[in-house]
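Read the structure below first, then the notes.
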Amino acid sequence: MADSPLAHLPVPLPDVVTLTSVAPRFSANELRMLKAQTGRTMEDLLGPGAEDADRWQTMAWLELRRAGHDVSWQDAGDVQVAVVDETPDPTNGGPSTSSPGSAATGG
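Position in the sequence shown (first residue = 1) + 513 = the working numbering.
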């Protein structure tokens, strides 16, 4: 069976990336790719002297890379960043919820 001509098209970027913390996860190779695209180091982009826009764009770029997107620095700047608090529930190790348990299950 031959590949579809659409199989090689890039997957569209999401409108929003959701971060559960503002502590980035990255690999050494991602840092190299980021520097190749921006000409700047991680310290330049996230350090104390960095601009807020560069910080959020870096976080979006890293999260999009983690999600499997081959994203450019420029395109990452167009994706909104949403930060959500996912504090683990100490009683079960899972995320806390604000909704009550189900009356049907008693949970």
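Every residue gets a Cβ at the ideal spot worked out from N, C-alpha and C, and that includes glycine. Since the structure is predicted, the reported quantities are computational estimates derived from the model, not experimental observations.
On a CA-only basis, which of the options is nearest residue i? Give me that one, please.
{"i": "glycine 560", "options": "Met572, Ala549 and Gln550", "result": "Met572"}
Taking the C-alpha atoms as reference points, what is the distance between residue i and residue j?
{"i": "serine 534", "j": "methionine 546", "result": "22 Å"}
{"i": "glutamate 556", "j": "glutamine 587", "result": "19 Å"}
{"i": "glutamine 550", "j": "leucine 532", "result": "22 Å"}
{"i": "alanine 580", "j": "phenylalanine 539", "result": "12 Å"}
{"i": "proline 537", "j": "threonine 554", "result": "14 Å"}
{"i": "valine 524", "j": "glutamine 570", "result": "19 Å"}
{"i": "glycine 552", "j": "histidine 582", "result": "20 Å"}
{"i": "aspartate 528", "j": "alanine 566", "result": "17 Å"}
{"i": "alanine 541", "j": "threonine 604", "result": "36 Å"}
Within 10 Å of its beta-carbon, does residue i have 16 or more other beta-carbons around it, so buried, or fewer, so exposed?
{"i": "glutamate 564", "result": "exposed"}
{"i": "valine 597", "result": "exposed"}
{"i": "valine 530", "result": "buried"}
Which residues in the same chain as residue i place their Cβ atom closer than 8 Å to its Cβ, once the five residues preceding and following it in sequence are excluded?
{"i": "arginine 568", "result": "Leu558 and Leu559"}
{"i": "glutamate 543", "result": "Leu575 and Arg578"}
With a threshold of 7 Å on Cβ separation, who are the neighbours of residue i within its own chain once the five nearest residues in sequence on each side are excluded?
{"i": "tryptophan 574", "result": "Leu547, Val584, Trp586 and Ala589"}
Taking 7 Å as the threshold (C-beta atoms), are residue j and residue i in contact?
{"i": "valine 594", "j": "leucine 526", "result": "no"}
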